[in-house]
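What follows is a single structure, written as structure tokens, with notes after it.
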Amino acid sequence: MATETIPKTYDPRLIEERWYAFWLKRGYFHAPVDPRRDPYVIMMPLPNITGDLHIGHALNNTLQDVLIRWRRMQGRNAMWMPGTDHASIGTHVVIERELAKEGQTRFDLGRDRFLAYAWDWKGKYGGIIYKQLKRMGVSCDWDRVTFTMDPRYQDAVIEAFLRLYAEGYVYYGKRMINWCPHDLTSVSDLEVEYAEEASTLYHVRYRGADGGEGVVIATQRPETILADVAVAVHPDDERYHELVGRQVIVPLVNRPVPVIADRRVDPAFGTGALKITPGHDPLDNEIGADHGLPTLVMIDERGRMAPETGQYAGMDRFEARTAAAEALRILGLIVREEPYLTSIGRCERCKTVLEPYITDQWFVRMKELAEPAIRVVREARVRFHPERWTGVYLDWMENIRDWNISRRLWWGHQIPVWHCETCGEMVAARERPARCPNGHGSLRQEEQILDTWFSSGLWPFATLGWPKATPELGYFYPGHVLVTGRDIIFLWVARMIMFGLKFVGDVPFTDVHIHPNVLNLEGKRMSKSLGTGLDPIDYIESLGYGADALRYALVLRSSQTQQDLRFGEKMLDDVRNFNNKIWNIARFVRMNLEGDTGSAWVSSTTPPAGAALGEADSWILSRFARTAREVTADLEAFEFDKAARALYDFLWGTYADWYVEFAKVRLVSGDAGAGRATQWTLWRVLEGTLRLLHPIMPHITEEVWHLLPHDGESIMIAPWPDPPPGWIDEEGERAVERLMEVVRAIRSLRADLGVPAGSVVAPRLRVSDEARRRSLEPMLPYIRALARADGVTLEGASGPEGRAAAAIAGGVEVLMPVEDSELPAVRRRLNQELARLRSELERVEGRLTSGDFITRAPAQVVETERQRAADLRGRAVALERYLSALR
RNA sequence: GGGCGCUUAGCUCAGAGGUAGAGCGCCUCUCUGACGCAGAGGAGGUCGGAGGUUCAAGUCCUCCAGCGCCCACCA
């Protein structure tokens with residue numbers, strides 16, 4: 003195939019999907035149980051069935067794919083478990099919104115029909131995200147894809163509940179929880195979104211039952227006054243000593259209630275008197291319980307005022323608030339009203355203001371479960387990256403509270419407990435028991451379902467067949483890395499660790515990588531519907547950047563220091579250009595390999611017979627070896643951005659900008675040995691770099707790899723580069739770096755002198771050091787070509803001064819002959835340079851003459867400073883010499 | 001009320017004790033046979049502020065400010 007048939011510009015659209023289909027067909031993604039091989043396991047943070055792939059998923063899954071592809075290339079049996087979460091509340095919200103369009107609620111359908119509807123919906127839309135993930139190029143094991151309501155998974159969830167129940171971790175009872183009056187379910191503390199919101203603080207007088215002045219309380223919820231059962235003050239609050247133990251009259255309902263003393267009241271807040279409403283406030287609920295007060299409930303599950311509230315009955319709680327305030331105002335009981343900022347909790351899903359509400363709920367006792375999960379992190383058997391998340395995890399775990407696991411929803415895992423309709427006794431069982439412990443036969447199953455996170459907490463082992471002792475469980479558990487965002491450390495990560503230890507007796511993974519959240523350039527959450535960003539697929543398909551570009555752009559910016567990653571389309575332009583660079587490097591290499599792509603090259607770490615490696619070849623091999631080491635170390639440390647940057651700099655800044663240019667010189671030199679060595683080195687280094695790049699950009703690397711000589715059928719299963727230590731040659735690297743400095747110096751002088759790019763110059767290179775001069779000699783052809791300096795000459799220290807523009811680079815004096823007309827400009831430049839040198843010299847000498855520096859700084863540092871001073875002095879002397887020669 | 005993160009070139013970010021970096025953007029030049037989605041050469045920063053430690057501080061410590069996030073039952 004002739005090179006001309008390969009387009010000059012890389013177009014990802016032509017190749018990405020083709021390669022994905024190829025990998026799938028070859029079965030590379032599937033990791034079978036194979037005890038002879040070392041497994042490497044990642045459990046995908048399961049997306050919700052309701053979700054579209056957003057940019058956060060794109061980053062999350064790219065990072066996992068990078069790890070999986072890298073380890074796979076290292077020879078590990080890499081298994082990445084994909085799946086989706088049934089997401090009870092999320093799915094309810096979506097489906098009920100659909101039903102609402104037809105004027106229906108889930109209650110119109112009833113449980114069975116609703117579930118049928120939901121399954122149907124899941125069948126239609128639940129798989130979209132898989133398609134999108136595939137378009138990203140991810141290499142998860144699709145043969146193992148799991149849904150958290152698959153029959154096998156359901157069994158695991160029920161089993162987990164039954165075990166916890168049997169061991170006394172589960173308890174049931176009326177508790178005050180966060181209730182969503184819209185979704186009609188409880189939500190856990192972690193699912194509450196708090197925000198400061200404007201409210202009004204009403205100061206309300208409660209008159210004394212004895213006709214006295216009573217007390218003034220402060221509240222922002224006057225509608226709950228109807229359910230007040232006491233007024234509390236701090237026991238040490240002298241203002242109210244007299245009142246404690248007496249009675250005051252609750253306004254609106256004219257109910258006498260006691261004034262009690264309790265330390266939990268803050269005397270500094272408001273008036274220092276707190277109305278106690280155990281039915282509608284968590285703190286009041288506690289205080290009420292401790293003081294043996296009754297609990298009155300005046301707001302129902304839909305947030306409406308209860309029938310016993312008289313004129314307020316049926317009102318919405320916010321309407322009632324206004325009405326109650328107005329009534330109090332008319333009664334003259336409002337002493338003061340002030341605007342007030344307060345923290346309001348809303349339902350994470352539907353944004354409704356949550357209501358503290360008392361219902362029958364199921365809880366899991368957490369303290370005991372948390373202990374081992376704290377220990378494994380303390381002992382670094384599970385490590386967080388970046389490390390700072392360790393503290394966040396431990397703080398939460400050490401103050402863990404019982405987990406409300408029940409939800410009054412239908413889509414999910416129904417709690418396997420059976421209530422006796424006759425005596426109320428409960429039985430936990432997988433199947434409906436025939437009789438209750440007291441022998442009654444009429445049992446009904448608990449209606450509530452489990453919190454979604456209860457089931458996803460089992461993900462690392464329920465997906466492997468637990469509770470059965472399957473070969474998968476034995477082989478793939480414990481897994482290795484969990485990659486996720488910080489928002490689900492408590493909701494999910496912590497619970498997986500606790501459940502893994504509890505049910506399988508080992509940690510689910512050894513490393514947790516917490517990556518940044520993706521925001522747009524304005525620092526806002528990226529959301530297509532809010533108009534603050536696009537979906538990954540838009541960037542990939544409609545804008546045509548391709549999956550590789552999106553992956554690389556995200557990886558390049560996912561540093562461990564930042565908590566957020568600001569993403570904009572501009573970043574994709576950068577990577578598109580990089581892709582194009584890779585593409586054209588490959589075109590160049592391939593063109594120069596034509597006719598000599600024998601398989602003898604493939605996989606070799608030594609050049610073919612007859613090839614004579616030159617300075618440039620050794621140099622690039624050395625740089626490549628370093629890059630390979632660095633990339634490997636970066637991936638081991640979860641420093642993905644550094645790996646991406648190292649590859650970008652190496653391939654573009656080193657290989658393309660310099661080595662390719664050196665190679666051109668050697669390829670046309672007519673020296674067969676040099677040509678052959680150059681061909682091999684061009685290929686060897688590019689092929690190796692492609693492999694290093696493959697985990698981040700799988701498609702383009704596969705495509706380009708196939709354009710070059712290669713061993714095997716896919717780069718995906720090629721070995722991870724591990725260059726021989728002998729490739730690293732520090733002295734050789736330094737020699738080429740010096741050459742590069744000379745080239746840059748000549749280019750810079752040319753530009754200063756305004757020499758047209760097309761014309762050739764004849765700089766004199768003066769090198770006093772004999773050995774250095776000899777080492778530079780064979781590299782003159784590179785200088786001729788790279789600096790357009792055909793007339794370049796090399797001379798010893800004794801060369802004449804002459805009228806020249808000059809610079810010192812890499813230990814070489816570069817002298818460019820100039821015309822008389824250019825003298826003023828040259829003089830100006832030399833004087834500028836001299837001034838810079840002198841001021842730097844002054845600084846260095848200042849340091850060297852300070853006694854403290856000499857005596858306290860390490861000898862090595864002092865020595866390098868001395869050398870620097872000598873070097874600067876030498877340069878200054880040389881510049882003065884050039885200047886005087888210009889006169 | 002506690003805690004965490006960030007603040008470095010116009011923009012997005014690296015750098016974590018010894019001479020301030022990259023990409024994009026900007027300026028100048030280049031139709032050199034891989035690439036103009038390119039090449040070459042430049043300009044541009046007293047590293048948020050104030051103290052301190054040190055021979056030496058973007059880099060370590062303290063305080064402050066701004067931005068962002070998390071936790072907590074302040075009515």
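In my numbering, each residue's number is its place in the first sequence (first place is 1) plus 2.
Note that beta-carbon positions come from the ideal geometry of N, C-alpha and C, so glycine has one too.
Predicted model only: the values in this text are computed from it and were never measured.
Worksheet item: Which term fits P697, buried or exposed, when burial requires 16 or more other beta carbons within 10 angstroms of its beta carbon?
Response: buried
Tell whether a beta-carbon distance below 8 angstroms holds between P224 and V250. Note that the C-beta distance between P224 and V250 is not below 8 angstroms.
Do you know whose CA, among L16, R177, L192, lies nearest L285's CA? R177
Original post:
What first and last residue would you give for the alpha helix (DSSP H) that runs through E75?
Top reply: A small fix is needed here, since residue 75 is Met in this sequence, not Glu. Note, M75: alpha helix (DSSP H), 57-75.
- For the beta strand (DSSP E) containing D513, list its first residue and its last residue. 513-517
Inset, instruction - Return the Cβ separation of V633 and A645 in integer angstroms, given the expectation that the two are a contact with Cβ distance under 8 angstroms. - result: Between V633 and A645, the beta carbon gap of about 5 angstroms places them in contact (Cβ cut-off 8 angstroms).
Distance cut-off 7 angstroms: V172 Cβ against heavy atoms of the ligand GTP
Among the components modelled here there is no ligand, and therefore nothing to report on the ligand GTP.
Would the beta-carbon of R559 fall within 8 angstroms of that of D643?
yes
Along the beta strand (DSSP E) that carries F569, what are the first and last residues, could you check?
Annotation for F569: the continuous beta strand (DSSP E) segment containing it runs 566-569.
Backbone CA spacing between P9 and M83 [nearest angstrom]: 38 angstroms
**Report entry** Secondary structure of S408, DSSP reduced to three states
**Finding:** strand
Checklist entry - Hey, how far is the Cα of W72 from the Cα of R390? => result 26 angstroms
Start-end ranges of the alpha helix (DSSP H) lying completely within the stretch 112-155, minimum 4 residues
113-127, 130-138
(request) Confirm, please, whether the CB-CB distance from G502 to V509 is below 8 angstroms. (result) yes
Who are L843's beta bridge partners in DSSP? For L843, which the question treats as bridged, DSSP gives no partner whatsoever.
Coil, strand or helix - E6 by DSSP: Any reading at E6 must be qualified, since the residue scores a pLDDT of 47, below 50, and its modelled position is unreliable; no value is offered.
Query raised in the report: At which residue ranges does the stretch 177-232 contain complete beta strand (DSSP E) runs of 3 or more residues, listed in the order of the chain?
Result: 187-189, 194-208, 217-221
Self-check item: Same chain, Cβ closer than 7 angstroms to M399, neighbours up to 5 away in sequence not counted
Solution: Closer than 7 angstroms at Cβ, skipping near neighbours: A372, A375, I376, A496.
- Query: Hey, Y884 and A773: beta-carbon distance below 8 angstroms or not?
  - Reply: Cβ atoms of Y884 and A773: not closer than 8 angstroms.
Name the DSSP beta bridge partners of K277, please?
V233
For this session: With a 10 Å radius around its C-beta and 16 neighbouring C-beta atoms as the bar for buried, classify C425 as buried or exposed.
Result: By the neighbour-count rule (16 or more Cβ atoms within 10 Å), C425 is not buried but exposed.
Under the assumption that P183 contacts T354 (Cβ atoms under 8 angstroms), give the Cβ distance between them as a whole number of angstroms. Rounded, the Cβ-Cβ distance is 6 angstroms, consistent with contact.
Looking only at its chain, what residues have a beta carbon closer than 6 angstroms to the beta carbon of A588, apart from the 5 residues adjacent to it on each side? V706, L709
Margin query: If distances are taken between C-alpha atoms only, which option among Y155, P435, I160, R686 comes closest to P610?
Written below: The shortest Cα separation from P610 among Y155, P435, I160, R686 belongs to R686.
Alpha-carbon spacing of H515 relative to G347, whole angstroms:
30 angstroms
* **Where Q562 sits in the DSSP three-state scheme** => Here Q562 sits in coil by DSSP.
Next item on the list: With DSSP as the reference, please indicate the residues paired to Y173 in a beta bridge.
Entry: Answer is F365.
With a 10 Å radius around its C-beta and 16 neighbouring C-beta atoms as the bar for buried, classify H243 as buried or exposed. exposed
Query - CB contact flag (A436, P418, <8 angstroms) - result: no
Straight-line CA distance for E2 to G316? Residue 2 is absent from the model: the chain starts at 3 and stops at 889.
Can you say whether M593 is buried or exposed, counting buried as having 16 or more other CB atoms within 10 angstroms of its CB?
-> exposed
*Could you tell me whether the stretch 46-64 touches the stretch 132-144, where touching means 3 or more Cβ pairs closer than 8 angstroms?*
yes
For the alpha helix (DSSP H) that contains T691, what are its first and last residues?
-> 674-695
Backbone CA spacing between F492 and L567 [nearest angstrom]: Within the model, the alpha-carbon separation for F492 versus L567 is close to 22 angstroms.
- Query: According to DSSP, is T465 helix, strand or coil?
  - Reply: coil
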